[in-house]
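For the sequence shown, the UniProt record's numbering assigns the number 1 to the initial residue and increments by one for each residue that follows. Below is one structure, written out as structure tokens, with a few remarks after it.
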Amino acid sequence: MNYKTVQTPARKVIALVAHDNLKSSLIDWCTKHEASLSQHRICATGTSGQLIEKHCSLNIEKLISGPLGGDQQIGARISEGDVDMLVFFWDPFEPMPHDPDVKALLRIAAVWNIPVACNFASADMMMASSLLDQPFDKRVPDYERYIQQRSQ
């Protein structure tokens, strides 16, 4: 795979997702970081987004619920370059009926080189990063070059 460098903007698009047993943890985390999060665009899967808006004064773009395709919606946005960070509080103790969607979302985040936090501690560290509020360069797959090579 060939790569290119793109610039992540200062105002990030942050996607938020939480499994049922961890939705309260995500709400607590959002409350803790509400001031910082309000400086960025936030999208979330349906139920998580509704609960966050209910408990915080954040403006959330709510997608559909994860098991109904919300995880895949976020994955599509990542591959289109429309999500800069992912906070995904997934439950390692509870098997999920949509586990393949969860794995696909994490795979796409890795492919497109976006920061991913899977728990409170890693999400706190992401929010404390000096790169949170400034542009930074990252490597992503060079899709145009990939298509050109495959179509020859």
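We put the CB at the ideal spot given by N, CA and C, even for glycine.
{"query": "Between the CA atoms of Leu-105 and Trp-90 - distance to the nearest angstrom", "result": "11 Å"}
{"query": "Cβ-based neighbour list, Ile-64, same chain, cut-off 6 Å, excluding 5 preceding and 5 following", "result": "Gly-46 and Gly-70"}
{"query": "Continuous beta strand (DSSP E) assignments of at least 3 residues falling wholly in the region 75-105", "result": "85-89"}
{"query": "Contact check, Val-83 vs Val-13, beta carbons under 8 Å", "result": "yes"}
{"query": "For Ala-128, the three-state DSSP class (helix, strand or coil)", "result": "helix"}
{"query": "Close-in-space but distant-in-sequence residues of the same chain around Met-126 (CB under 8 Å, 5 per side omitted)", "result": "Met-85, Val-87, Pro-115, Ala-117 and Leu-132"}
{"query": "Beta-carbon proximity check, Gly-75 vs Ile-108, cutoff 8 Å", "result": "yes"}
{"query": "Limits of the unbroken beta strand (DSSP E) element including Ile-42", "result": "41-44"}
{"query": "Residues near Pro-9 by beta carbon distance below 8 Å, same chain, minus five either side", "result": "Asp-84 and Pro-135"}
{"query": "Coarse secondary structure for Arg-11, derived from DSSP in three states", "result": "coil"}
{"query": "Distance, Gln-149 Cα to Asp-142 Cα", "result": "11 Å"}
{"query": "Nearest-angstrom Cα separation, counted from His-55 out to Trp-112", "result": "31 Å"}
{"query": "Pair within 8 Å by beta-carbon distance, Leu-16 and Ala-35", "result": "no"}
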